[in-house]
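Participant:
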Amino acid sequence: MTDGNGGNPSDYAPGAGDAPVRAPELDGAVAWLNVAAPLTLRALRGKIVLLEFWTYGCINCLHQLPGLRRLAATHFDQLVVIGIHSPKFPNERSTDNLRRVVARHDITHSVANDADFRIWRAYTVRAWPTLALIDPAGYLVAGASGEGHLPQFDQAITAVTQVFDERGELRRGPTSELRPEPTPPPGVLAFPGKVAVDAERERLYVADTSHHQILIATSAGTPISRIGSGRRGAADGVFAEACFTRPQGMAVRPEDGYLLIADTGNHLIRGADIETGQVRTLAGNMNQARRGAAGGGAATTSISRIKRLDLETRRVTVFAGSGAPGLRDGRSTRARFYEPGGLAVGGGCLFVADTNNHALRAVDLETGAVSTLIGPD
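Numbering-wise, my numbering puts 98 at position 98 of the sequence shown, and it's gapless, one number per residue.
#1: When the distance is taken between beta carbons, is Ile82 closer than 8 Å to Val49?
#2: For the region 158-171 and the region 185-204, state whether three or more C-beta atom pairs, one from each stretch, are separated by less than 8 Å.
#3: Rounding to the nearest angstrom, what Cα-Cα distance links Pro136 and Lys47 in this structure?
#4: Whose C-alpha, out of Asp106, Asn34, Thr40 and Asn113, is nearest the C-alpha of Pro24?
#5: By alpha-carbon positions, which one of Leu51, Cys58 and Tyr56 ends up nearest to Leu71?
#6: Look at the alpha carbon of Gly221 and the alpha carbon of Arg45, and state the distance between them as a whole number of angstroms.
#7: From this set, Ala289, Glu275 and Gly271, which residue's C-alpha is nearest Thr281's C-alpha?
#8: Considering only the beta carbon of each residue, do Leu98 and His109 sit closer than 8 Å?
#9: Indicate whether Ile119 and Ala29 have their beta-carbon atoms separated by less than 8 Å.
#10: What is the residue span of the beta strand (DSSP E) that Arg308 lies within?
#11: Can you list, in chain order, the residues of its chain with a C-beta nearer than 6 Å to that of Asn357? Leave out the 5 residues immediately preceding and following it.
#12: Extract the residue ranges of the alpha helix (DSSP H) inside the region 108-163, only unbroken runs of 4 or more that lie entirely within it.
#13: Where does Ala72 sit, in a helix, a strand or coil, going by DSSP?
#14: Across which residues does DSSP place Thr372 in a beta bridge pair?
#15: For Phe89, which of Arg104, Asn34, Thr55 and Ala43 has the nearest alpha-carbon?
#16: Only counting the same chain, and skipping five residues up and downstream in sequence, which positions put a Cβ closer than 7 Å to that of Cys61?
#17: Going by C-alpha distance, which of Gly67, Thr74, Leu350 and Arg308 is nearest His105?
#18: Hey, is Ala190's beta-carbon within less than 8 Å of any beta-carbon in chain D?
#19: Rank Thr218, Gly323 and Ala142 by C-alpha distance to the C-alpha of Leu21 and give the top, closest one.
#20: Relative to the ligand ZN, is the shortest distance from any of its heavy atoms to the C-beta of Gly348 smaller than 7 Å?
#21: Only counting the same chain, and skipping five residues up and downstream in sequence, which positions put a Cβ closer than 7 Å to that of Ser176?
#22: In three-state DSSP terms, what is Thr218?
#23: Below 8 Å on the Cβ atoms is my contact criterion, and I expect Ala262 with Gln248 to pass it. Report the Cβ-Cβ distance as a whole number of Å.
#24: Taking the Cβ atom as the reference point for each residue, do Gly284 and Leu268 lie within a distance shorter than 8 Å?
#25: Taking just the CA atoms, how far does Gln78 sit from Thr372?
#26: Could you tell me the distance, in whole angstroms, from the CA atom of Ala73 to the CA atom of Gln64?
#27: Kindly indicate the opening and closing residues of the alpha helix (DSSP H) around Arg99.
#28: Please name the residue in Asp154, Arg361 and Ala19 whose C-alpha comes closest to that of Arg69.
#29: Determine whether the beta carbon atoms of Arg231 and Leu215 lie at a separation below 8 Å.
#30: Would you list, in sequence order, the uninterrupted beta strand (DSSP E) runs of no fewer than 3 residues that lie entirely inside the region 311-348?
Here you go:
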């Protein structure tokens with residue numbers, strides 16, 4: 001799907017380009033979440049509707065969730081965001097699995113389980129994620145596939161709002177059909193992401209991802225304390241007041257127990273000084289890096305590829321990866337990865353779980369050469 005006006009989503013102008021196309025009705029979902037009853041475009045007439053075709057096994061789709069949350073908050077009075085979940089893998093067809101993902105990622109907009117791809121086919125979608133914008137009269141305004149388009153859709157929503165406000169055809173106010181799914185009772189952990197071990201000090205650190213905290217426990221698993229207030233955010237300070245957003249990977253500096261934290265939702269590297277009880281930001285600028293972003297520089301540089309952080313100078317440099325997705329061995333900066341995940345060091349190599357290549361890669365710490373150890377076959 002491309003932009004309905006043949007250009008940028010932010011270039012919306014009524015009557016421009018081709019003849020208007022009526023948006024297909026949202027028929028065929030096997031279940032709806034976060035709503036009291038299935039939504040229809042007919043019932044939403046007068047509202048601006050943004051559809052996101054996604055699947056929870058797609059990291060690019062998950063990257064887009066914070067931006068959708070911001071759009072919904074910015075245009076709360078006139079915009080309805082609907083996630084059309086069209087599964088990539090068989091287990092993603094399950095409504096129960098989808099419900100757990102909705103809770104895990106704190107998704108509050110309505111979600112349709114398009115398990116049979118009926119809505120996907122009606123909109124001729126070909127890729128995850130894909131966005132489709134529908135005006136209050138029920139016509140397609142714009143569409144785009146991939147990440148990075150939300151700022152343009154923000155502008156398009158503003159333009160559509162102005163046009164239909166002037167016509168007196170914009171329906172403002174909350175959507176009564178929205179009803180968030182019941183949240184599970186709070187427990188000690190909420191969708192924990194990663195674990196780090198400090199064997200020297202007999203400590204375990206658990207990224208309590210959906211609580212936006214780090215749990216500190218004994219080596220036997222007895223909770224001791226927490227790093228982070230539990231509020232979503234990016235504030236530095238003492239452990240009880242610092243804020244994270246969905247923290248994940250961690251590493252312990254052996255000599256002093258200093259904890260490094262991948263603050264995933266903020267696109268930051270944070271440091272927790274266990275001795276002083278202080279959290280500070282070490283790298284990142286809270287912006288997700290895009291292909292072609294700068295490869296290194298000061299610690300405020302956007303983070304991408306596999307990068308190396310010098311804790312003394314707080315400078316970030318590219319360690320491996322060209323920035324383009326794919327699978328290519330060889331010289332470190334020419335090698336290609338596809339959404340690399342977990343890392344481990346041993347035997348003179350950095351081992352990389354190359355998630356979307358279904359492969360285990362190794363980077364020689366001395367030469368920087370990248371090789372594939374397992375997979376992708």
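Built from N, CA and C at the ideal position, the CB exists for glycine as well.
Facilitator: Based on what the coordinates show:
#1: Sequence index remark: in the sequence shown, residue 49 carries index 49 (1-based). Sequence index remark: in the sequence shown, residue 82 carries index 82 (1-based). Result yes, Cβ atoms of Val49 and Ile82 sit closer than 8 Å.
#2: no
#3: The residue given as residue 136 occupies position 136 in the sequence shown. The residue given as residue 47 occupies position 47 in the sequence shown. Between Pro136 and Lys47, the C-alpha separation is close to 5 Å.
#4: What you label residue 24 is simply residue 24 of the sequence shown in a count that begins at 1. Measuring from the Cα of Pro24, the nearest candidate turns out to be Thr40.
#5: Your numbering for residue 71 matches position 71 in the sequence shown. Minimum Cα distance to Leu71 is reached at Leu51.
#6: Against the sequence shown, residue 221 aligns to sequence position 221. Against the sequence shown, residue 45 aligns to sequence position 45. Each residue's Cα considered, the two are about 54 Å apart.
#7: For the purposes of this step, residue 281 is taken as the residue at position 281 of the sequence shown. With distances taken between Cα atoms, Thr281 lies closest to Gly271.
#8: Sequence index remark: in the sequence shown, residue 98 carries index 98 (1-based). Sequence index remark: in the sequence shown, residue 109 carries index 109 (1-based). No, the pair does not count as a contact, with Cβ atoms beyond the cut-off.
#9: Here residue 119 refers to the residue found at position 119 when the sequence shown is read from its first residue. Here residue 29 refers to the residue found at position 29 when the sequence shown is read from its first residue. Result yes, Cβ atoms of Ile119 and Ala29 sit closer than 8 Å.
#10: The sequence position of residue 308 within the sequence shown is 308, counting from 1. Run containing Arg308: Ile306 to Asp310, per the beta strand (DSSP E) assignment.
#11: In the sequence shown, the residue the question calls residue 357 occupies position 357. Leu327, Tyr338 and Pro376, listed in sequence order.
#12: 118-122
#13: Residue 72 sits at position 72 when you count from the first residue of the sequence shown. It is helical.
#14: Indexing the sequence shown from 1 puts residue 372 at position 372. DSSP lists Arg361 as partners of Thr372.
#15: By one-based count along the sequence shown, residue 89 stands at place 89. When only C-alpha atoms are compared, the closest one is Thr55.
#16: Taking the sequence shown and counting its residues from 1, one reaches residue 61 at position 61. Excluding sequence neighbours, Cys61 sits near Trp54, Thr55, Trp128 and Pro129.
#17: Against the sequence shown, residue 105 aligns to sequence position 105. Ranking the options by Cα distance to His105, first place goes to Gly67.
#18: Among the chains of the structure shown, chain D does not appear; only one protein chain is present.
#19: The count along the sequence shown starts at 1 and reaches residue 21 at position 21. It should be noted that the sequence gives Val, not Leu, for residue 21. Here the closest residue by C-alpha is Ala142.
#20: Among the ligands in the structure shown, none appear at all, so the ligand ZN cannot be discussed.
#21: Locating residue 176 in the sequence shown gives position 176, counting from the first residue. Closer than 7 Å at Cβ, skipping near neighbours: no residue.
#22: For the purposes of this step, residue 218 is taken as residue 218 along the sequence shown, with counting starting at 1. Thr218 falls in the strand class under three-state DSSP.
#23: Residue mapping note: residue 262 aligns to position 262 of the sequence shown, counting from 1. Residue mapping note: residue 248 aligns to position 248 of the sequence shown, counting from 1. Going by Cβ atoms, the distance from Ala262 to Gln248 rounds to 5 Å, so yes, they are a contact pair.
#24: Residue numbering aside, residue 284 sits at position 284 when the sequence shown is read from its first letter. Residue numbering aside, residue 268 sits at position 268 when the sequence shown is read from its first letter. For Gly284 and Leu268, yes; Cβs fall inside 8 Å.
#25: For the purposes of this step, residue 372 is taken as the residue at position 372 of the sequence shown. For the purposes of this step, residue 78 is taken as the residue at position 78 of the sequence shown. Distance between the alpha carbons of Thr372 and Gln78: 50 Å.
#26: Taking the sequence shown and counting its residues from 1, the one referred to as residue 73 is at position 73. Taking the sequence shown and counting its residues from 1, the one referred to as residue 64 is at position 64. Going from the Cα of Ala73 to the Cα of Gln64 covers about 15 Å.
#27: In the sequence shown, the residue the question calls residue 99 occupies position 99. Start and end: Thr95 to Arg104.
#28: The residue you call residue 69 lines up with position 69 of the sequence shown. Measuring from the Cα of Arg69, the nearest candidate turns out to be Asp154.
#29: If you number the sequence shown from 1, residue 231 lands on position 231. If you number the sequence shown from 1, residue 215 lands on position 215. It is not a contact, given that the beta carbons lie outside the stated cut-off.
#30: 315-320 and 340-346
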